[in-house]
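Engineer: Here this note's numbering is used: the first residue of the sequence shown is 1, the next is one more, and so on. Ideal Cβ positions, reconstructed from N, Cα and C, are used throughout, including at glycine.
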Amino acid sequence: MRSVRPAIRSQNFLTGQAAFTMDGGLRGAYGDGRMSYIDCADIAACAARLLADGGGIGETYALTGPEALDHHTIAARLSRTIGRTVRYQDHSPEEFASILTAQGVPAWFASDAAALSAETAAGHLAATTSAVHTLTGRPHGPSTTS
């Protein structure tokens with residue numbers, strides 16, 4: 001069966017309250033690493049296309065956003081979108097996990113978030129693909145980071 005494997009979703013900025021500071025800054029352990037966030041609408045459109053085609057046997061489509069952004073750029077774009085300054089605060093992965101745990105995030109999740117941050121900082125999540133366009137015939141949809 002053909003399937004999709006989406007990158008991290010841009011909607012995480014709407015639900016990931018623990019990654020924000022008390023004054024609304026963005027925090028993480030991403031360094032200057034880039035991530036290719038994808039909008040959930042694009043994931044849904046790609047999955048719908050595969051379902052409409054009957055699935056079939058075939059490849060897995062790696063779904064990404066149209067560009068890979070570092071978190072300083074994401075903070076600047078969030079600032080423009082919401083009309084106030086958002087600054088990115090970088091931490092070590094261990095410190096980030098500790099901050100998350102102190103805010104009530106389960107230790108297993110904080111550990112996973114720290115590991116994801118380290119992968120990002122190392123450049124492992126910066127790839128982009130054209131799969132959204134390939135499957136839907138259109139450019140990427142709206143993004144919370146644009």
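Taking residue 135 and residue 37 to be in contact with their CB atoms under 8 Å, please state how far apart those CB atoms are, rounded to whole angstroms.
Structural biologist: Between residue 37 and residue 135 the Cβ distance is about 18 Å, and since that is not below 8 Å, they are no contact.
Engineer: When we look at the beta-carbon of residue 82 and count the other beta-carbons within 10 Å, is it buried (16 or more) or exposed?
Structural biologist: exposed
Engineer: Using three-state DSSP, classify residue 4 as helix, strand or coil.
Structural biologist: strand
Engineer: Comparing C-alpha positions only, which one of 48, 139 and 96 sits nearest to residue 3?
Structural biologist: 48
Engineer: Is the beta carbon of residue 53 within less than 7 Å of some heavy atom of the ligand NAP?
Structural biologist: Ligands displayed in this structure: none; no statement on the ligand NAP is therefore possible.
Engineer: Check for me: the alpha helix (DSSP H) holding residue 112 runs from which residue to which?
Structural biologist: Here the alpha helix (DSSP H) through residue 112 covers 107–121.
Engineer: Under DSSP, the alpha helix (DSSP H) around residue 101 begins and ends at which residues?
Structural biologist: Its alpha helix (DSSP H) spans residues 93–102.
Engineer: Using the C-alpha atoms, what's the distance from residue 54 back to residue 9?
Structural biologist: 25 Å
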